[in-house]
Amino acid sequence: MGIVELKDVHKVYPLGKVEVAAVKGVSFAIEKGDFISIAGPSGAGKSTILNMIGLIDKPSSGEVLIDGKETSGLSDKELTRFRHEVLGFVFQSFNLIPVLNVWENIEFPLLLGKTRIEKSEKEEWINWLIQEVGLTEWKAHKPNELSGGQRQRVAIARALVTKPYIVLADEPTANLDSATGEQIIELMKKINRELQTTFIFSTHDAKIVAIADHIIRLRDGLVIEDSRRGADPTQAEYAGADSATGE
Amino acid sequence: MPVTLKIAFRNIKEHKSKSLIVGILLAVGAFVVVLGNSFIDASKSGIRSSFTDNYTGDVFVSGISEDGDVSLFGVMSPGGMASTPTIPDYEKTLAMITSSPSVAKATGMATGYAIVTKEANEETSQDSSGILSQADVKAASRQSVTESTPENSQSQPTPGAKEDKKDIREKISPNMRFLFLFGIDASNYWDVFNAVELTAGSRLQPGQVGIIIYDKFLDMISKSIGRPLKVGDTIVIQGMSSMGFKLREVPIVGTYRQRGEGTMPEQLAFIDINTLRVMAGMTVGASETIKLSEENTNMLSTENPDDLFGGDLLATSSTTTGFDESKIQAQLADKSASIKANEADTGAWQYIVIRTKQPSDSKRVIKELNEYFGKEKIAAVAGDWQKAAGPYGQSVDVLRIVFTVAVAILFIVAIIIIMNTFVISVVERTGEIGTMRAMGADKSFVRKLFAAESLTLSLVFSSAGALLATLVVLVIRLLRIPAGNMFFEVLFGGKYLSPFVTPVNFLGTILAMSLVGFLAHLYPLSIALKIEPVKAMQSE
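Protein chains in written order, with the numbering used here: chain V, 2 to 248; chain E, 15 to 554.
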């Protein structure tokens, strides 16, 4: 059983008087410790699937299981607790809290839950994360004093601070230049190896996709490829950039 | 510091323009409320001390009238013609009052109005229309009381105020001097009230007939009637009541001046209770029932005026009785009814004024007395100085109500503006709120965050507004700005603008403005709570 499982998931959005099917029966499983890329062109359904895995959107039909638990029947409070304890988020626009500095932004998720951590333990953990993402010199700075890459590093540290099983990253490199984007993905990969945290990120950048060891490729709301590096020679050997993005 | 407060403080600082819009509104609101209440409190305090020290004591007991509320100025009835009721079972009631451990002193009294006339056998000073109505006299006397209350009847009124006074006096009579009479229990009145100091003569003694007049007003009366007056002389006064007009010649036993300058109306005169009773219609005859014959009753009860001149009446009258001169003479010689109408009802008192041991005891004493009156079925009622002061006491409340309504409108406008500003802020922070929700912040966290922000803004700026108002009040007191005219003297409770800020005013205003801020954030909060975590993904 995977840490994330999607079973025949559909998602339909009302658009005026018509309904638009964003996801049309998607099924796949993600194992613990995976570094997985959900790839596909715009409108393929990447963000919709990521939202459903992140429990911030609900499927129209089908099942989304997180850590073996079916999530469709959970209340708002349970979903909130689940998001806090099990999931971490990295957003395309970083979404840092503008009035808090780097250290405070990273600390913020720890202040939301009911579990309290010893102050010294918390400080040690946050400082380690800051060091890991290379922002020791910047920890007292506000987000508007940082570059895009630095902001995304803060977002990654913030996503990891609650020690979640899964980190979801929606197009984490979209607002970054390619070199910085690659650095960010390398950072995520490094943490994936060190902490065994499952990383699920959406992208349409072929270079970024190539770093993943599990790819789910979407087109028009359907999975057109679900492959692991080295698992299946016919699928695991990734095609070039063009085919990777599906474009 | 909780993260909600930390974010709230920093958001306020970060969004300076929005914070200033909201903050200035709250500060102005707090400033206006504190300043306004400081004047109203000063006014109430001035009027209160003037009345409790000089006229009403701490607790005021009166009879009950169906025509309106009873105050020191009589029954507040339409037209002002209703007679003031007396207190039933006076002795028993007074004994009960004085036995209360919270009561220091109590005395009975009655009030009335009178005009000083030239001589008893001369025409009184009246205008061309003839006899003055009781209501006219009351109105003129009340105006005189207002002009001199609570402080400083000595001060120079503004030309406008002077004209107003002249107008009404000229309208009624050019040479008329009104007196507002306090019929006192000479045995203990001076123990309860010590606001006047004798300048000549002596205090009224129990059983003594006489009047004590304000010394400066005596000079005015002297000028009006054209002869100098001093202690030992007599003056003729004309009183009005439901029993008709009464003329009395009373000796001047003393003159007084006020201990606190301007604390009493110059027209106030202290008179022996029996003379007051006769002039106010509190006589033995007043309580007697006149019995009419059946024939007279039928005649008076007829609904058709023509019946009064009908043949039967005249025919019966002329044929059966005729004109009997001896009978008429006998009737005229019988003066018993007249004597009774001029004989004071010595047990009649309109009011009991009470001095409590502590002013704070008054509420409890009022409650106890009203319970006692209810239990014993005594038609009397106890109240505070405001009840006794009648329209003058109510004027402060009316002023406060008008001010409160104005402030309520200000609050509503402020709430709408603050609400709109908060709504803009929520819309701008949709992504931020969505992010927090996505990371595991529940709705209560969002509630706390917004409440902290609105309450911080409200507390900081309303405190600033209240502090500024307090400073302005202090400056006004230091500047000793003259009230200018009688209206403002009454309004501001003294000769100078002397507003003061009470802790209730200061803290209550901050709390009220915080409530305004809190109410204003509820609608924007409801919008914020509807923000789904998925919005975090959509923010740019």
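Beta carbons are placed, not taken as given, at the ideal position from N, Cα and C, and that holds for glycine.
Note that this is a predicted model, so its numbers are computed, not measured.
Where residue i and residue j are concerned, what is the direct C-alpha to C-alpha distance, given to the nearest angstrom?
i	j	result
valine 46(E)	alanine 526(E)	12 Å
arginine 271(E)	lysine 230(E)	8 Å
leucine 539(E)	isoleucine 131(V)	34 Å
aspartate 178(V)	proline 165(V)	28 Å
tryptophan 363(E)	glycine 224(E)	18 Å
isoleucine 37(V)	leucine 16(V)	31 Å
methionine 234(E)	methionine 190(E)	10 Å
lysine 47(V)	serine 148(V)	26 Å
glutamine 197(V)	glutamate 86(V)	16 Å
threonine 70(E)	lysine 237(E)	31 Å
alanine 497(E)	lysine 389(E)	47 Å
glutamate 79(V)	leucine 66(V)	14 Å
isoleucine 226(E)	serine 64(E)	20 Å
glycine 454(E)	glycine 448(E)	10 Å
phenylalanine 53(E)	alanine 478(E)	19 Å
proline 220(E)	isoleucine 285(E)	11 Å
asparagine 128(V)	glycine 114(V)	20 Å
serine 113(E)	glycine 397(E)	18 Å
Measure the CB-CB distance between residue i and residue j and report whether it falls below 7 Å.
i	j	result
phenylalanine 425(E)	valine 530(E)	yes
leucine 97(V)	valine 19(V)	no
aspartate 72(E)	arginine 273(E)	no
valine 487(E)	proline 513(E)	yes
alanine 394(E)	glycine 77(E)	yes
valine 100(V)	arginine 24(E)	yes
isoleucine 366(E)	alanine 120(E)	yes
asparagine 51(E)	asparagine 519(E)	yes
isoleucine 431(E)	leucine 39(E)	yes
leucine 49(E)	alanine 483(E)	yes
glutamate 280(E)	tyrosine 228(E)	yes
valine 410(E)	lysine 58(E)	yes
alanine 45(V)	leucine 219(V)	yes
proline 60(V)	valine 10(V)	yes
leucine 112(V)	arginine 84(V)	no
alanine 294(E)	serine 340(E)	no
So who's on the other strand from residue i, going by DSSP bridges?
i	result
valine 250(E)	Thr131(E) and Glu263(E)
methionine 569(E)	The question about residue 569(E) has no answer, for chain E in this structure spans 15 to 554.
glycine 41(V)	DSSP, once it has assigned bridges, lists no residue as partnering glycine 41(V).
lysine 25(V)	His11(V)
glutamate 64(V)	Lys8(V)
glycine 285(E)	For clarity, residue 285(E) is isoleucine in the given sequence; the question names glycine instead. According to DSSP, which records beta bridges pairwise, isoleucine 285(E) is partnered with Gly197(E) and Ile225(E).
alanine 170(V)	Val91(V) and Phe202(V)
glycine 268(E)	Gly215(E) and Ile226(E)
histidine 215(V)	Ile37(V) and Arg229(V)
alanine 1(V)	With chain V running from 2 to 248 in the structure shown, residue 1(V) is simply not present.
leucine 223(V)	Arg220(V)
arginine 191(E)	Val130(E)
Using three-state DSSP, classify residue i as helix, strand or coil.
i	result
histidine 29(E)	coil
serine 228(V)	strand
phenylalanine 207(E)	coil
lysine 70(V)	strand
valine 486(E)	helix
leucine 136(V)	coil
serine 76(V)	coil
glutamate 20(V)	strand
threonine 181(V)	helix
arginine 555(E)	In this structure chain E extends from 15 to 554, so residue 555(E) is not present and cannot be described.
glycine 407(E)	helix
lysine 179(E)	With a pLDDT of only 49 at lysine 179(E), under 50, the local geometry of the prediction cannot be trusted, and the value read off the model is given with reservation. The answer is helix: DSSP assigns lysine 179(E) an H, G or I state.
proline 16(E)	coil
valine 548(E)	coil
phenylalanine 87(E)	coil
glutamate 184(E)	Note that glutamate 184(E) scores 46 on pLDDT, short of 50, meaning its location in the model is unreliable and no value can be drawn from it.
proline 496(E)	strand
glycine 150(V)	helix
Can we say the segment 224-231 of chain V touches the segment 22-39 of chain V, given the rule of at least three CB pairs closer than 8 Å?
yes
If contact is defined by three or more beta carbon pairs under 8 Å, each pair taking one atom from either stretch, is the segment 124-132 of chain E in contact with the segment 208-216 of chain E?
no
Given 8 Å as the limit, is there contact between the segment 97-106 of chain E and the segment 431-450 of chain E, that is, 3 or more CB pairs closer than that?
no
Is the segment 64-71 of chain V in contact with the segment 121-131 of chain V, if contact means three or more CB pairs nearer than 8 Å?
no
May I ask you to verify whether the segment 165-175 of chain V touches the segment 51-60 of chain V, counting CB pairs closer than 8 Å and requiring at least 3?
yes
Would you call the segment 134-154 of chain V in contact with the segment 99-118 of chain V, where contact means no fewer than 3 C-beta pairs closer than 8 Å?
yes
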